[in-house]
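As given, the protein sequences belong to chains A and B, one line each in that order.
With the numbering used here, the residue at position 91 of the first sequence is 91, and numbering never jumps.
Converting from the second sequence to the numbering used here requires adding 454 to each position, the first position being numbered 1.
Accompanying notes for the structure given below.
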Amino acid sequence: MATTNRSFAQALWDFFCSLKLTISLLISLALTSIIGTILPQGKLPPEYVASISPVKLQIYSKLGFFDMYHSWWFILLLYVFSVNLICCSIKRLPHVFKFISEPNLVLGESQRNGFSLKQDLKITASLDKGREALAEFLGKEFGAPVVTEQDGEYHLFAQKNAWCRLGVYVVHLSILVIFVGAILGSLFGYKGFAAIVEGTGISSIQANSGAEIPLGFEVRCEKFNVTFYDSGAPKEFKSILTVLENGQPVKGLTNVRVVVNEPLSYKGFTFYQSSYGQATESSDHSFSVQARAGGFSDHLTLRDGQATVLKDGTTFKLLETTPDIRQFMPNFSGPAARIEVTQKGGVPQTYIVFKDFPDANAQRGDALQVVYEGSNAKMYTGLQVAKDPGVWVVWLGCTLMVCGLFIAFFMSHKRVWIVVSKGYARMYGNASKNQAAFQMQFEELSDKFKNLKI
Amino acid sequence: MTSSLLFNVTTLAYMASMVVFFAFLASKNKAIGLTGSLLAYAGFAVQTLAIALRWKESYDMGYGHAPLSNLYESVVFFSWTIILIYMFIELKYKYRIVGAFVVPFALLGMAWAQLGMHSGIEPLVPALQSNWLLYHVVTCFLGYAAFAVACGISIMYLVKAKSEESGGGAAGGLMGMFPPIRVLDDLNYRAIMIGFPLLTLGIITGAAWANYAWGTYWSWDPKETWSLIVWFVYAAFLHARFTRGWVGKRAAWLSIIGFAATIFCYLGVNLFLSGLHSYGSSKM
Ligand code: HEM
Numbered sequence: 001m002a003t004t005n006r007s008f009a010q011a012l013w014d015f016f017c018s019l020k021l022t023i024s025l026l027i028s029l030a031l032t033s034i035i036g037t038i039l040p041q042g043k044l045p046p047e048y049v050a051s052i053s054p055v056k057l058q059i060y061s062k063l064g065f066f067d068m069y070h071s072w073w074f075i076l077l078l079y080v081f082s083v084n085l086i087c088c089s090i091k092r093l094p095h096v097f098k099f100i101s102e103p104n105l106v107l108g109e110s111q112r113n114g115f116s117l118k119q120d121l122k123i124t125a126s127l128d129k130g131r132e133a134l135a136e137f138l139g140k141e142f143g144a145p146v147v148t149e150q151d152g153e154y155h156l157f158a159q160k161n162a163w164c165r166l167g168v169y170v171v172h173l174s175i176l177v178i179f180v181g182a183i184l185g186s187l188f189g190y191k192g193f194a195a196i197v198e199g200t201g202i203s204s205i206q207a208n209s210g211a212e213i214p215l216g217f218e219v220r221c222e223k224f225n226v227t228f229y230d231s232g233a234p235k236e237f238k239s240i241l242t243v244l245e246n247g248q249p250v251k252g253l254t255n256v257r258v259v260v261n262e263p264l265s266y267k268g269f270t271f272y273q274s275s276y277g278q279a280t281e282s283s284d285h286s287f288s289v290q291a292r293a294g295g296f297s298d299h300l301t302l303r304d305g306q307a308t309v310l311k312d313g314t315t316f317k318l319l320e321t322t323p324d325i326r327q328f329m330p331n332f333s334g335p336a337a338r339i340e341v342t343q344k345g346g347v348p349q350t351y352i353v354f355k356d357f358p359d360a361n362a363q364r365g366d367a368l369q370v371v372y373e374g375s376n377a378k379m380y381t382g383l384q385v386a387k388d389p390g391v392w393v394v395w396l397g398c399t400l401m402v403c404g405l406f407i408a409f410f411m412s413h414k415r416v417w418i419v420v421s422k423g424y425a426r427m428y429g430n431a432s433k434n435q436a437a438f439q440m441q442f443e444e445l446s447d448k449f450k451n452l453k454i
Numbered sequence: 455m456t457s458s459l460l461f462n463v464t465t466l467a468y469m470a471s472m473v474v475f476f477a478f479l480a481s482k483n484k485a486i487g488l489t490g491s492l493l494a495y496a497g498f499a500v501q502t503l504a505i506a507l508r509w510k511e512s513y514d515m516g517y518g519h520a521p522l523s524n525l526y527e528s529v530v531f532f533s534w535t536i537i538l539i540y541m542f543i544e545l546k547y548k549y550r551i552v553g554a555f556v557v558p559f560a561l562l563g564m565a566w567a568q569l570g571m572h573s574g575i576e577p578l579v580p581a582l583q584s585n586w587l588l589y590h591v592v593t594c595f596l597g598y599a600a601f602a603v604a605c606g607i608s609i610m611y612l613v614k615a616k617s618e619e620s621g622g623g624a625a626g627g628l629m630g631m632f633p634p635i636r637v638l639d640d641l642n643y644r645a646i647m648i649g650f651p652l653l654t655l656g657i658i659t660g661a662a663w664a665n666y667a668w669g670t671y672w673s674w675d676p677k678e679t680w681s682l683i684v685w686f687v688y689a690a691f692l693h694a695r696f697t698r699g700w701v702g703k704r705a706a707w708l709s710i711i712g713f714a715a716t717i718f719c720y721l722g723v724n725l726f727l728s729g730l731h732s733y734g735s736s737k738m
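Structure (C-alpha cells):
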C-alpha cells in the first residue's frame with residue numbers, strides 16, 4: 001500500500017514536472033481561447049439569442065462559453081498551468097543553482113572529447129611555470145581562473161555570466177507575478193461607470209457588478225465639448241473636471257482637461273473619457289432671424305414643437321433639433337434644427353439650419369436668414385472609472401518578463417578551461433547560447449593562446 | 455515626388471528581387487543571388503524614404519501623425535519590417551537563399567496595399583491620439599515580421615526534409631542550395647527568438663496603453679485574445695525543443711501555424727470579428 005501511494009505521488013509529481021504537459025497546456029489554452037473570440041461574451045445581444053437554437057444556447061451557457069475566460073474549466077487550465085510551472089521550477093532550480101555555484105572545475109578525460117572548440121599549445125617551461133603563465137593569460141584575456149590540481153595536471157577554469165542561466169526562471173516567475181497582480185485586482189479593485197451632467201457632481205460610482213461604490217470625494221463636470229475634423233470625423237471629446245474634498249476644490253485638480261488617452265487620477269480611482277450624451281430632453285433653443293432685404297431682425301427662444309409669429313407676420317415653428325447632425329447629414333456636424341417657416345399668406349416651407357455652418361444658412365435664398373444659436377440643453381460626460389491595486393504587480397511582472405526574456409535569449413554563459421600537462425596545454429570552451437558568436441570569440445582567444453611562448 | 459510614387463517603386467523593386475531570387479534558386483549562380491539581395495535592399499531604402507515622406511506629408515496636411523494609423527499604413531510598415539528582419543538575418547547568418555522565401559511576403563503586402571487599398575492620409579480619431587500607438591504598433595509589427603521570416607524558413611525546412619526523406623537531392627539539385635535542415639531549424643529558432651520578445655513587448659505596450667486609456671489592461675477583446683493565442687503557440691514552440699518528439703518537423707509546423715495565427719490576429723480579427731481594435735472606427 002505504502003509503495004502504491006509512493007508511486008502514485010511520484011507519478012503525480014512527474015506528471016506536473018513534464019514539459020509535454022506544458023506544451024499540451026499551451027496548445028489547449030491557445031485553442032480554447034478561440035471560442036471566446038467567436039461567441040459573444042458577457043451580456044448576450046437579443047439578436048444573437050434569436051439567431052441560435054435554444055438547445056445550442058443552453059449547451060453553450062452550461063459550458064460557460066459566454067463567459068469562457070472566467071469559466072471553471074478555463075480557470076482550472078490556468079491553475080494546472082501554474083502548478084506545472086511551479087513544480088518544474090522546484091525540480092530544476094536546485095540543479096541550476098548548484099551548476100552556478102559549483103562549476104565543473106575539472107575536465108575529465110571523457111568530457112574533453114565532447115568539445116567542438118579547443119586549441120593546443122606546446123610548453124617548454126616547467127609545469128608550474130606553465131600554470132602561472134596560463135593563469136595570467138586567462139585572467140587577462142577572459143576571466144580570473146580557478147586553479148585545481150588533479151592527477152599531475154592543472155585545470156584552469158574561468159566563466160562569464162553564469163547567472164544568466166537563471167533568465168528562464170525569471171520569465172517563469174514573472175508569469176506567476178502577473179497572475180498574482182491580476183488576482184489582487186479582481187479581489188480588491190473596481191470597474192465602474194459614472195455619468196456626470198455639466199455643472200453637477202457625483203460622489204459615488206456605479207460598479208459593473210451593480211453595486212454603488214462611494215468615492216470619498218466629489219467629481220464635478222464643469223463642461224463637456226466635442227470637436228470634429230472638417231471631414232466630419234471626431235477630433236476630440238473633452239470633459240473639464242474638478243475634484244472636490246468636503247465641497248472645496250482640490251488644488252491642482254481644478255478644471256482639469258480630460259480627453260480620450262488622458263485620464264484623471266485621484267486617490268486610486270482613475271476617470272477615463274468614454275462616452276457622452278445630451279442630459280436634458282426639453283430645453284430652450286435660440287435663433288436669430290434677419291430679413292434678407294434688411295429692415296428687421298429678431299431673436300427667438302423656442303422649445304421643440306413650439307411656434308411663434310414674427311414681427312412681419314411670418315409664423316416660425318421649431319420642428320426638431322439634434323445635438324449632432326452628422327448621423328443624418330454626413331457632410332455637416334454639430335447642433336442643427338429643422339424649422340418650418342410660413343410667410344404671411346404663403347405655404348409652409350421646412351428646412352434645416354446649423355449652428356456651426358453659418359455659410360450654409362446664408363446661401364439659402366429665402367426672404368429670411370435664420371441662424372440656429374444652439375440650446376441651453378446640458379450635456380453629460382460618460383466616464384469609465386477604475387481602481388486596480390494589482391496593476392503595479394502586473395507591471396512588475398511584465399518588466400521581469402522582458403528582462404528575463406532578454407537574458408534567456410541574448411546572453412550566454414561562457415566557460416573556458418585550460419588543462420595544463422607536462423609539455424603541453426589544451427584550451428576548451430563552450431557557451432550556453434549563440435555558439436556561433438562564442439566561436440568567434442574563442443578563435444580570437446585561440447590565436448593569442450597558440451602564439452604564447454612558455 | 456510623392457510618397458505614393460516611391461511606394462510603387464518599392465513594390466517593383468521587391469517584385470524584381472523575388473523574380474531574381476527564383477532565378478537564383480534555378481541557376482545557383484552567386485552573382486544572381488547577390489543581385490536579388492541588392493534589389494531587396496534598394497527597395498527597402500526607397501521604402502524607408504517613402505515612409506518618412508508620408509510622415510512629413512501628414513504634417514503638411516495639418517494632421518501630424520506617424521504613418522501607422524490605418525490598414526494601408528500598417529501593411530506598408532509590415533512589409534518594411536519583414537525586409538528589415540530578413541536583412542538582419544541574412545547579414546548575420548549569411549544565407550542568401552532565405553530571401554526567396556521571405557521577400558514574397560513583403561511583396562504580397564506592398565502589392566495588396568498599392569492595388570487594393572485606399573491610401574489617403576487621414577486624421578487620427580481620438581482613440582489613437584497617443585504616443586503609445588507608436589510603441590505598440592512598432593513592437594508588434596517587428597515581432598510579426600520575425601515570425602514571417604521564421605515561417606519562410608520553416609517552409610524551406612519542410613520542403614528540404616521531405617526531399618531528404620524521399621532520398622532525392624542529397625547533394626545536388628535545387629535542394630543543394632538550401633541550407634542543411636539542422637541549420638534551417640536553428641535559423642527558425644533564432645528568428646523566433648527575435649520575434650517572441652518583441653511580441654511580448656507588443657502585448658505589454660498594448661496592455662499599458664489600454665490601461666492608460668480605458669482603465670483595464672486586459673479585457674479579452676478578440677484582438678488581445680488572438681495576440682495571446684499567437685504568444686501561446688510560440689511559447690509552445692520554444693518548449694518543443696526541450697521535448698523529445700517535438701523537435702524538427704513538428705516545431706516547423708508550430709512555426710507555420712504560429713504565423714497563420716499571427717496573420718489572423720492582424721487581419722482576420724478586423725475582417726471577421728468585432729472588437730475595440732477596428733482601425734479607423736469612430737469608437738473612442
Ligand atoms: C506550465 C508552464 C511552463 C513550464 C512548466 C515551463 C518549463 C520550462 C522549462 C523546463 C524550460 C527549460 C529550461 C532549461 O532547461 O533551459 C523552459 C524554457 C523556457 N520557457 Fe518555459 N515553461 C512554462 C511556460 C512558459 C511560458 C508561458 C513562457 C512564456 C514566456 C515560457 C518561456 C520560456 C522560455 C523563454 C524558455 C527558454 C527557451 C530557450 O532557451 O530556448 N515558459 N520552460
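Don't be surprised by glycine CBs; every beta carbon is placed ideally from N, CA and C.
Check: Would you mind sorting residue 438 of chain A into buried or exposed? The rule is 16 or more other CB atoms within 10 Å of its CB.; Outcome: buried
Check: Exposed or buried, residue 130 of chain A, counting other C-beta atoms within 10 Å across all chains shown (16 or more means buried)?; Outcome: buried
Check: Quick one: which chain B residues come within Cβ less than 7 Å of residue 394 of chain A?; Outcome: 671
Check: According to the Cβ coordinates, are residue 608 of chain B and residue 710 of chain B closer than 8 Å?; Outcome: yes
Check: Nearest by alpha-carbon distance to residue 287 of chain A: which of A/410, A/260, A/356 is it?; Outcome: A/356
Check: Tell me whether the beta-carbon of residue 497 of chain B lies closer than 8 Å to the beta-carbon of residue 457 of chain B.; Outcome: no
Check: Round the Cβ separation of residue 237 of chain A and residue 276 of chain A to the nearest angstrom and send it over; I've been treating them as touching at under 8 Å.; Outcome: 6 Å
Check: With DSSP as the reference, identify every bridge partner of residue 316 of chain A, one or two as the case may be.; Outcome: A/308, A/341
Check: Are the CB atoms of residue 449 of chain A and residue 121 of chain A nearer to each other than 8 Å?; Outcome: yes
Check: Which of the three DSSP states, helix, strand or coil, is assigned to residue 46 of chain A?; Outcome: helix
Check: Does the beta carbon of residue 100 of chain A fall short of 7 Å from some heavy atom of the ligand HEM?; Outcome: no
Check: Put residue 277 of chain A into one of helix, strand or coil per three-state DSSP.; Outcome: strand
Check: With C-beta atoms as the reference, is residue 684 of chain B less than 8 Å away from residue 712 of chain B?; Outcome: yes
Check: For residue 693 of chain B, return the contacting residues in chain A, with the cut-off set at a CB-CB distance below 8 Å.; Outcome: 19, 22, 23, 26
Check: Using a cut-off of 8 Å between C-beta atoms, extract the partners of residue 240 of chain A located in chain B.; Outcome: Simply none; closest approach about 16 Å.
Check: What are the residues of the stretch 76-103 of chain A that lie near chain B, defined by any Cβ-Cβ distance shorter than 9 Å?; Outcome: none
Check: How would you label residue 29 of chain A, buried or exposed, when you count the other beta carbons within 10 angstroms and need 16 or more for buried?; Outcome: buried
Check: Do you know offhand how far residue 167 of chain A's Cα is from residue 407 of chain A's?; Outcome: 5 Å
Check: If we cut at 8 Å on Cβ distances, does residue 49 of chain A have a partner in chain B?; Outcome: no
Check: Work out the CA separation of residue 551 of chain B and residue 475 of chain B for me, nearest whole Å.; Outcome: 7 Å
Check: Throw me the rounded Cβ distance for the residue 318 of chain A and residue 334 of chain A pair, which I believe falls under 8 Å.; Outcome: Not quite, the Cβ-Cβ distance comes to about 17 Å (not below 8 Å), so this is no contact.
Check: Give a yes or no on whether 8 Å exceeds the smallest Cβ distance from residue 713 of chain B to chain C.; Outcome: Absent from the structure is chain C; the protein chains it does hold are A and B.
Check: Distance, Cα to Cα, residue 671 of chain B vs residue 665 of chain B?; Outcome: 4 Å
Check: Please name the residues in the stretch 264-290 of chain A whose beta-carbon is closer than 8 Å to at least one beta-carbon of chain B, in chain order.; Outcome: 270, 272, 273, 274, 275
Check: Comparing the C-beta of residue 169 of chain A with each C-beta of chain B, is any distance below 8 Å?; Outcome: no
Check: So what does DSSP say about residue 204 of chain A, is it helix, strand or coil?; Outcome: strand
Check: Near residue 353 of chain A, what residues of its chain come up, given a Cβ to Cβ distance below 7 Å and the 5 sequence neighbours on each side ignored?; Outcome: 336, 337, 339, 361, 370, 371, 372
Check: For residue 34 of chain A, which residues does DSSP report across the bridge?; Outcome: Answer by DSSP bridge pairing: none, since residue 34 of chain A is not bridged.
Check: Cα separation between residue 215 of chain A and residue 197 of chain A?; Outcome: 17 Å
Check: Reducing DSSP to helix, strand and coil, say where residue 271 of chain A ends up.; Outcome: strand
Check: Quick check on DSSP: helix, strand or coil for residue 441 of chain A?; Outcome: helix
Check: Taking the beta carbon of residue 327 of chain A as the centre, do at least 16 other beta carbons fall within 10 Å, making it buried, or is it exposed?; Outcome: exposed
Check: Exposed or buried, which one is residue 186 of chain A when buried takes at least 16 other CB atoms within 10 Å?; Outcome: exposed
Check: In whole angstroms, what is the alpha-carbon distance linking residue 219 of chain A and residue 656 of chain B?; Outcome: 34 Å
Check: Check residue 541 of chain B in the structure and name its three-state DSSP category.; Outcome: helix
Check: Looking at chain A, is there any beta carbon in it that lies within less than 8 Å of the beta carbon of residue 687 of chain B?; Outcome: yes
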